Structures are given as structure tokens and as C-alpha cells.
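For reference, the structure discussed in these notes is given below.
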Amino acid sequence: MTATIFRPATPTRLTCLAVAAPLWTTVSLAQAAGREGFDLTRHPLSALSNGSLGWLQIANFVIAGMLTVFGATGLRQALPGRWAPRLVLVNGIGMVAAGIFSMDPADGFPSGTPAGMPHTMSWHSYGHMAAGGIAFLALIAACYVLGRHFARTGNRRDAIISSLAGTALLLGDAWAMTGGEAGSLTLAVGVILAMLWVSVVAARLR
7 MTATIFRPAT PTRLTCLAVA APLWTTVSLA QAAGREGFDL TRHPLSALSN GSLGWLQIAN
67 FVIAGMLTVF GATGLRQALP GRWAPRLVLV NGIGMVAAGI FSMDPADGFP SGTPAGMPHT
127 MSWHSYGHMA AGGIAFLALI AACYVLGRHF ARTGNRRDAI ISSLAGTALL LGDAWAMTGG
187 EAGSLTLAVG VILAMLWVSV VAARLR
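Residue numbers (the numbering used here): 7 to 212.
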């Protein structure tokens with residue numbers, strides 16, 4: 007395996023990026039397990055932004071997104087290429103926007119919400135979908151760009167992991183968009199895997 011030589015990086019910024027995904031994942035899954043009426047096979051993690059405790063998930067999106075934005079500047083110093091840091095930056099901005107623009111209550115969550123999807127969506131729900139879509143696409147692309155980088159440096163293992171992480175999110179998002187069974191669960195798995203892999207890369211670069 008060929009060793010990769012990186013330029014000096016800002017450890018604090020890379021630490022922010024390394025922390026972002028574990029923080030978002032822990033807070034999201036803890037709420038998914040503990041909030042009444044939430045079913046991960048039916049409700050996306052973004053739905054946790056609704057209800058009396060919705061502020062927790064809103065803050066989770068905004069804080070993790072800001073950590074990602076700040077961490078992307080450290081990634082730019084650590085990697086020889088430019089596209090991966092740029093894509094991670096866009097992903098972070100998308101996360102912040104997804105927190106600011108929350109999705110509408112739907113399909114029985116929060117408790118008392120009618121079953122099924124609402125007939126119309128609010129402007130902030132459209133904003134959330136747009137922000138989420140941009141964040142997902144940027145994260146998928148970032149994983150593939152990182153995979154290409156690792157492949158060029160001879161790190162075949164990390165190249166494969168990067169590609170698998172991006173593919174997991176791509177397929178999970180596509181399945182959820184087509185209304186596949188338990189689509190919100192497959193999307194959550196894909197998002198978490200891709201985010202955690204970027205955090206792993208940042209932690210190693212420290």
C-alpha cells in the first residue's frame with residue numbers, strides 16, 4: 007500500500023468534521039428510539055424536527071452542519087484535491103438549511119397527525135426537501151471523489167469503502183424517493199454510513 011503524503015492541516019477543524027457525523031447520528035437515533043409515535047421504517051429522521059421536542063433535531067441539523075462547514079476548510083488543507091472539501095462544504099450548508107427549513111408533520115408523527123402524507127406542503131417543507139437533496143448529492147459525490155483519491159494513492163481498501171459509502175446513500179435515497187418499503191430506514195442507513203465515513207477520514211487526517 008502506497009503511503010499518502012498530506013499537507014499540514016488544522017487539527018481543530020478536522021476534529022469538528024470528525025465529530026459532526028457521530029453527534030448527528032447519536033442525537034437522531036436516540037430521539038428515534040425514544041419519541042412517541044416515531045417509526046424509522048415509516049418516518050425519515052428529518053421528521054423529528056416536528057413536535058414539542060422538534061427543536062432538538064433542528065439544533066442537531068444546524069450544529070452538525072456548522073461543524074461540517076468549519077471542518078471542510080480543514081479538509082481543504084489536508085487533501086491535495088479541491089473537490090472533496092468543496093463537496094463536504096456544500097453538504098454542511100445543506101444540513102444547516104435542512105435544519106432551518108423543517109419538513110411538515112406527516113403519516114402519524116408527531117402523535118395526533120393524520121395517517122398518510124399531507125395533500126399540500128408548506129414552503130418550508132419544500133425548502134427542506136431542496137436542502138436535503140443538495141446535501142445528499144454533495145455527500146454522495148464527496149464519497150466518490152474520496153474513493154478516487156484513495157485509488158490514485160494506492161489505498162485500495164479505503165477507495166472501496168468510500169465508494170460503498172457513497173453507493174449506500176445513493177441507493178438508500180433512490181429507494182426512499184420511489185416509495186420503496188421501509189424507504190426511510192434505507193435512507194437513514196445510507197446517510198449515516200456516508201457521514202460516518204467522512205468523519206473517519208477527517209479523524210485519520212488529524
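Backbone N, C-alpha and C define an ideal beta-carbon position, used for all residues, glycine too.
Nothing here was measured: the structure is a model prediction, and the numbers come from that model.
- Excluding its 5 nearest sequence neighbours in each direction, Thr74 has C-beta neighbours in its own chain below 7 Å: Leu23, Ala26, Val94, Asn97, Gly98, Met101, listed in chain order.
- Excluding its 5 nearest sequence neighbours in each direction, Gly105 has C-beta neighbours in its own chain below 8 Å: Ser55, Gln63, Ile64, Ala65, Asn66, Phe67, Val68, Gly71, listed in chain order.
- Residue pairing by DSSP places Ala112 opposite Phe115 in a beta bridge.
- Residue state for Met72 is assigned as helix, using DSSP reduced to three classes.
- Ser168 sits in a helix when the DSSP states are folded into three classes.
- Counting C-beta atoms within 10 angstroms of its own C-beta, His125 has fewer than 16 neighbours from the protein chains shown and is therefore classed as exposed.
- For Thr32, the uninterrupted alpha helix (DSSP H) run begins and ends at 17-40, by DSSP.
- Spanning the alpha carbons of Ala38 and Ala194 requires a straight line of approximately 11 Å.
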